[in-house]
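Chemist:
Protein chains: 2
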Amino acid sequence: MFHRWRLSDLAITIRDVAKEAGVSVATVSRVINDSGYAHEDTRKVVLEAVNKLNYKPNEVARSLFKRKSKLIGLILPDITNPFFPALARGVEDYLQKEGYRVIFGNSDEQLEKEMDYVDTFKQNNVVGIIASINETDSEMLSELSIPLVLLDRTIEALPSVYADQEQGGRLAAEKVLERGSKEITIVRGPKNVKNVYQRFEASYEVLKEAGVKVNILDSNLSFNGAKERAIELFQKYPQTDGVLACNDIVGVAILNEAQRIGKRIPEDVQVIGFDDISISELVYPGLSTIHQPAYEMGAKAAEILIKKINQEKLLNIHYKLAVSFVERKSTRKIGK
Amino acid sequence: MFHRWRLSDLAITIRDVAKEAGVSVATVSRVINDSGYAHEDTRKVVLEAVNKLNYKPNEVARSLFKRKSKLIGLILPDITNPFFPALARGVEDYLQKEGYRVIFGNSDEQLEKEMDYVDTFKQNNVVGIIASINETDSEMLSELSIPLVLLDRTIEALPSVYADQEQGGRLAAEKVLERGSKEITIVRGPKNVKNVYQRFEASYEVLKEAGVKVNILDSNLSFNGAKERAIELFQKYPQTDGVLACNDIVGVAILNEAQRIGKRIPEDVQVIGFDDISISELVYPGLSTIHQPAYEMGAKAAEILIKKINQEKLLNIHYKLAVSFVERKSTRKIGK
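Chains as they are written, first to last, in UniProt numbering: chain A, 1 to 336; chain B, 1 to 336.
Right under this line is the structure:
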């Protein structure tokens, strides 16, 4: 199972074997990879040459000729945000069933790292890439010669799987309104993370139309600073009775701070998060949130990628999945 | 930046260039990689051959000869457990400063996947591996021809970075005892995850010696089932007034369930987790826990790996980092 590398081994290529056996490279490839017809005598001669030269097929070298390595590259923005490991789980489970292995890259929402991983994956002969990337150069990506599917983010020209952020933002606003909040604070994510910003825009539109008081607070999407944002929120807007958080990490921090300063959840202030990461269910009170079907999104992206790898025709290239409201104890019951 | 592949390109190797230029492969390599002396005339002849044959150095192909690719493979047991992304963060930040890129594999605590990733990484010419792996065949791993450092887990014969689990288990037990609990439930992790089991054994020893009533509940380490374990705990041991959880995920679930059934934290029951993942600080009440220096462990493993890659002598091969008690609101104050 483990291949011992010696410098001499590295020098022997499939072409040496072909030369030794007196056949073409393609023939050697077919024999070694058992991937097509080869006469019994030919097979024998090739295998003798393989043994004589101590040729060790290297998966990478093999794939240079056969291009059938079973590696997929997955680029995530931030593995410390539980939403992305959840996406990755969906991708991995699906691909594993199909015999592929997944290697991950963590891009920290940086364009340079994103493109660097695309390059690294290509250089290491992955057969497809799934990327949850933020700023994108769609022209550069469209020119990629290996199949790529975007996940959680979308670009016109590329196959993408994502969730209905606009529906999510609308839902959150509608739910907090119908449950009686009158002064609502939206904690919005960074403007350059477009899909998250869409949530804010959709929520804001609903609330503006309803004529309620709306406060806006800016936040990032990670654990770093979530606590500070929560403290800031109640200092700036002590009268707020409803909070829409850009994601569950921020939502949990807000639940914490509200209780710490003595507010009752949900009587004094309701909180709705976004994502439905595992922790939302485990905190007390449970965090009401907008469920993103992370696992299904990951699996769908994997399914589409395999179709592209197999050069099947795709009916759609954009797959938008619905979100839903998950009611827990951080929101009031209807009519209260 | 992006390399367009054509089949003809794949057929041209460094050996063709050497042949065309009338020099050795090593000479071509030195010229192309600018990695050693080459006479100006030689350089000229080689570059002419490169252009004539349209030779495109492939990072992988180059590394087959030069073995200087800057890729590190990192194997984690479960990226959906926030502790491991935190370890990864430490690894990545350190390696990035040194010019390396990290690709991840997620092993799900399965030996087969662990070994599969080791193999995949080797085949794709990573120059070193950091692995947080569980069951291990130390002989197989010791035979690996590329540098490997274990993280969070340890084997005699291999360089490892890990935290003092025994100290952690002891601390947790001492703290809950000195804060007044009389009937303590230890929620222990799976026996086959040795480092986690050590926590249990150390806690148990302290509690047994103190003569208090001790209950034991088995649990896994993930979000899956944490809620159910918590429910089961209070059904089986309704009088328990102190809980030591195998990790923070389980600790948070227990905090939740305790409050749901009307227990006051920490007056009726104290809870101590393990790890100090970000969420421990964000829940209400904050979860007291044993801090594992995840980031520092990751950075240390990266530092050692680079030393091994550069074939520097290692003074130690085992690095055990201390843990510490983080006091939050889920435990009582001393004297109460």
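In this text, a Cβ means the ideal position worked out from N, Cα and C, and glycines have one as well. Treat the numbers as computed from the prediction; the structure is a model and nothing was measured.
1. Could you tell me which residues DSSP puts in a beta bridge with Thr185 of chain B?
2. Which residue's Cα is closest to the Cα of Ile279 of chain A: B:Ala18, B:Ser24 and B:Asn81?
3. Can you round the beta-carbon distance between Gln292 of chain B and Asp275 of chain B to whole angstroms, since I take them to be within the 8 Å contact cut?
4. Beta-carbon within less than 7 Å of Lys122 of chain B's beta-carbon, same chain only, minus the 5 sequence neighbours each way: which residues are those?
5. Tell me, to the nearest whole angstrom, how far the beta carbon of Leu314 of chain B is from that of Pro85 of chain B; I am working on the premise that it is less than 8 Å.
6. Does the region 226-238 of chain B come close enough to the region 282-300 of chain B that 3 or more CB-CB pairs lie under 8 Å?
7. Check whether the region 37-51 of chain B and the region 18-28 of chain B touch, using three or more Cβ-Cβ pairs below 8 Å as the test.
8. Run down chain A in chain order and give the residues with a C-beta less than 8 Å from the C-beta of Phe223 of chain B.
9. Bridge partners of Phe325 of chain A, per DSSP?
10. Provide the residue(s) that pair with His318 of chain A in DSSP beta bridges, ordered along the chain.
11. Sort A:Lys191, A:Val193, A:Ile334 and A:Gln311 by Cα distance to Ser181 of chain A and report the nearest one.
12. In chain B, which residues lie less than 9 Å from Lys44 of chain A when you measure between Cβ atoms?
13. Is it true that the CB of Ile186 of chain B sits closer than 9 Å to the CB of Leu221 of chain B?
14. If I measure Cβ to Cβ from Ala173 of chain B and keep anything under 6 Å in the same chain, skipping five residues before and after, which residues do I get?
15. Taking Cβ-Cβ distances shorter than 8 Å, what residues in chain B pair up with Pro77 of chain A?
16. For Leu255 of chain B and Ser330 of chain B, which I take to be in contact (beta-carbon distance under 8 Å), what is that distance rounded to the nearest angstrom?
17. Quick one: Cα of Leu111 of chain B to Cα of Arg101 of chain B, how far?
18. So, using beta-carbon positions, are Leu321 of chain A and Val196 of chain A closer together than 9 Å?
19. Give me the residue from A:Arg332, A:Ala18 and A:Glu312 with the minimum Cα distance to Leu287 of chain A.
20. Strictly under 9 Å for the Cβ-Cβ distance: is Val60 of chain B near chain A by that measure?
21. Who does Ile72 of chain B pair with in a DSSP beta bridge?
22. Using a beta-carbon distance below 9 Å, is Val102 of chain A in contact with chain B?
23. Between Ala88 of chain B and chain A, is the shortest Cβ-Cβ distance under 9 Å, so that the two count as touching?
24. Mind listing which residues of the region 241-268 of chain B have their C-beta closer than 7 Å to chain A's C-betas, in chain order?
25. Taking CB distances under 9 Å as the criterion, tell me whether Asp116 of chain A reaches chain B.
26. Three-state secondary structure (DSSP) at Gln110 of chain A?
27. Could one say the Cβ of Asn220 of chain B lies closer than 9 Å to chain A's Cβ atoms, at least one of them?
28. Since Gln270 of chain B is in the beta strand (DSSP E), which residue starts that stretch and which ends it?
29. Contact criterion: CB-CB distance below 9 Å. Does Met297 of chain B meet it with respect to chain A?
30. Examine chain B for any beta-carbon lying closer than 9 Å to the beta-carbon of Lys97 of chain A, and answer yes or no.
31. Any chance the CB of Asn124 of chain B is under 8 Å from a heavy atom of the ligand MN?
32. Pick from A:Ile304, A:Glu114, A:Glu312 and A:Lys44: whose alpha carbon is nearest that of Tyr319 of chain A?
33. Which same chain residues, not among the five before or five after Gly22 of chain A, have their C-beta less than 8 Å away from its C-beta?
34. Between which two residues does the alpha helix (DSSP H) containing Leu233 of chain B stretch?
35. For the region 224-235 of chain B, enumerate the residues whose C-beta is nearer than 9 Å to any C-beta of chain A, in chain order.
Modeler: Checking against the coordinates, here is how it stands:
1. Position 185 of the second sequence holds residue 185 of chain B. Its beta-bridge partners are B:Asn215 and B:Val243.
2. For the purposes of this step, residue 279 of chain A is taken as the residue at position 279 of the first sequence. Per the Cα distances, B:Asn81.
3. For the purposes of this step, residue 292 of chain B is identified with residue 292 of the second sequence, where counting begins at 1. For the purposes of this step, residue 275 of chain B is identified with residue 275 of the second sequence, where counting begins at 1. Rounded, the Cβ-Cβ distance is 5 Å, consistent with contact.
4. In the second sequence, the residue the question calls residue 122 of chain B occupies position 122. Ile146, listed in sequence order.
5. Along the second sequence, read from residue 1 onward, the residue named residue 314 of chain B stands at position 314. Along the second sequence, read from residue 1 onward, the residue named residue 85 of chain B stands at position 85. 27 Å between Cβ atoms; not a contact.
6. no
7. yes
8. Translated into positions along the second sequence, residue 223 of chain B becomes position 223. Here the neighbours are Ser278, Ile279 and Leu282.
9. By 1-based counting over the first sequence, the position of residue 325 of chain A is 325. Phe325 of chain A has A:Ile290 as its beta-bridge partners, per DSSP.
10. Residue numbering aside, residue 318 of chain A sits at position 318 when the first sequence is read from its first letter. Its beta-bridge partners are A:Ser160.
11. Start at 1 with the first residue of the first sequence, and residue 181 of chain A comes out as number 181. The residue from A:Lys191, A:Val193, A:Ile334 and A:Gln311 with its alpha-carbon nearest to that of Ser181 of chain A is A:Ile334.
12. Here residue 44 of chain A is taken as the residue at index 44 of the first sequence, counted from 1. Within 9 Å Cβ-Cβ: nothing; Lys44 of chain A doesn't reach chain B, min ~26 Å.
13. Here residue 221 of chain B is taken as the residue at index 221 of the second sequence, counted from 1. Here residue 186 of chain B is taken as the residue at index 186 of the second sequence, counted from 1. Contact flag unset, no.
14. Start at 1 with the first residue of the second sequence, and residue 173 of chain B comes out as number 173. The answer, listed in chain order, is Ser203, Val206 and Leu207.
15. Reading the first sequence from its first residue, position 77 is the one you call residue 77 of chain A. The contacting residues do not exist; Pro77 of chain A stays about 12 Å from chain B at best.
16. Against the second sequence, residue 255 of chain B aligns to sequence position 255. Against the second sequence, residue 330 of chain B aligns to sequence position 330. Leu255 of chain B to Ser330 of chain B, Cβ: 6 Å. Contact.
17. Indexing the second sequence from 1 puts residue 111 of chain B at position 111. Indexing the second sequence from 1 puts residue 101 of chain B at position 101. If you take the alpha carbons of Leu111 of chain B and Arg101 of chain B, they lie about 25 Å apart.
18. Translated into positions along the first sequence, residue 321 of chain A becomes position 321. Translated into positions along the first sequence, residue 196 of chain A becomes position 196. No, they are not a contact pair.
19. For the purposes of this step, residue 287 of chain A is taken as residue 287 along the first sequence, with counting starting at 1. If we check each option's Cα against that of Leu287 of chain A, A:Arg332 comes out closest.
20. Locating residue 60 of chain B in the second sequence gives position 60, where the first residue counts as 1. For Val60 of chain B, the pLDDT reaches just 46, beneath the cut-off of 50, and the residue's location in the model is therefore unreliable, although a value from the coordinates is still provided. Yes, contact with chain A.
21. The count along the second sequence starts at 1 and reaches residue 72 of chain B at position 72. According to DSSP, Ile72 of chain B bridges with B:Val102 and B:Gly128.
22. Here residue 102 of chain A refers to the residue found at position 102 when the first sequence is read from its first residue. Closer than 9 Å to some Cβ of chain B, the Cβ of Val102 of chain A qualifies, so yes.
23. As a working note, residue 88 of chain B is residue 88 in the second sequence. It does; some Cβ of chain A falls within 9 Å.
24. Val252, Ala253, Leu255, Asn256, Gln259 and Arg260
25. One-based indexing of the first sequence puts residue 116 of chain A at position 116. Interface residue, yes.
26. Mapped onto the first sequence, residue 110 of chain A falls at position 110. The answer is coil: DSSP assigns Gln110 of chain A none of H, G, I, E or B.
27. The sequence position of residue 220 of chain B within the second sequence is 220, counting from 1. Not one chain A Cβ lies under 9 Å of Asn220 of chain B.
28. By one-based count along the second sequence, residue 270 of chain B stands at place 270. Residues Gln270 to Ile272.
29. One-based indexing of the second sequence puts residue 297 of chain B at position 297. No, Met297 of chain B lies away from the interface with chain A (no Cβ there is under 9 Å from its Cβ).
30. For the purposes of this step, residue 97 of chain A is taken as the residue at position 97 of the first sequence. No, because no Cβ of chain B sits closer than 9 Å to the Cβ of Lys97 of chain A.
31. Absence of the ligand MN is noted for the structure shown, with no ligands found whatsoever.
32. Translated into the one-based positions of the first sequence, residue 319 of chain A becomes position 319. Ranking A:Ile304, A:Glu114, A:Glu312 and A:Lys44 by Cα distance to Tyr319 of chain A puts A:Ile304 first.
33. Numbered from its first residue, the first sequence carries residue 22 of chain A at position 22. Around Gly22 of chain A: Val45.
34. On the second sequence, residue 233 of chain B is found 233 positions in, with the first residue counted as 1. Ala226 to Lys236 is the span of the alpha helix (DSSP H), which, as asked, contains Leu233 of chain B.
35. Those residues of the region 224-235 of chain B that come within reach of chain A (Cβ to Cβ, closer than 9 Å) are Asn224, Ala226, Lys227 and Ala230.
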